[in-house]
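Undergrad: Got a structure for you, questions after.
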Amino acid sequence: MGYFTSLYASELPHRAVAVYMYLRDRADKDGKCYPAIGTIARELKLSKSTVKRAISDLEKSGHLCKEPRWRENGGKSSNLYHIK
21 MGYFTSLYAS
31 ELPHRAVAVY
41 MYLRDRADKD
51 GKCYPAIGTI
61 ARELKLSKST
71 VKRAISDLEK
81 SGHLCKEPRW
91 RENGGKSSNL
101 YHIK
């Protein structure tokens, strides 16, 4: 089962499992990726609120670290996710 063994054994809701698998699929060799919440929601056919709750679940369980990113003009960009 590789990457997902601890995920399957966890008590995470299905929304968090789906988002984790999505992020793992898009992560680079270092486990980093930065898709927008809207992109994740659209591609998984979930609401943005559900994706945000799933990311929060993953952070609390230690499967994911989230780091905010900013544009040069000071505007907010998509988050950088570190998959564990």
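In short: position in the sequence shown from 1, add 20, done, that's our numbering.
Backbone N, C-alpha and C fix where the C-beta goes; we use that ideal spot for every residue, glycine too.
In three-state terms, what does DSSP make of Lys96?
TA: Strand, per DSSP.
Undergrad: Tell me where the beta strand (DSSP E) around Lys86 begins and ends.
TA: Note, Lys86: beta strand (DSSP E), 84-87.
Undergrad: Would the beta-carbon of Arg46 fall within 7 Å of that of Cys53?
TA: Taking 7 Å as the Cβ cut-off, Arg46 and Cys53 qualify as a contacting pair.
Undergrad: Where do the ends of the alpha helix (DSSP H) carrying Tyr28 lie?
TA: Counting along the chain, the alpha helix (DSSP H) containing Tyr28 begins and ends at 25-29.
Undergrad: Mind checking who Tyr101 pairs with in its DSSP beta bridge?
TA: Paired residue(s): Cys53, Lys86.
Undergrad: In its own chain, which residues sit with a C-beta less than 6 Å from the C-beta of Pro33, not counting the 5 before and 5 after it?
TA: Cβ neighbours of Pro33 beyond the five flanking positions: none.
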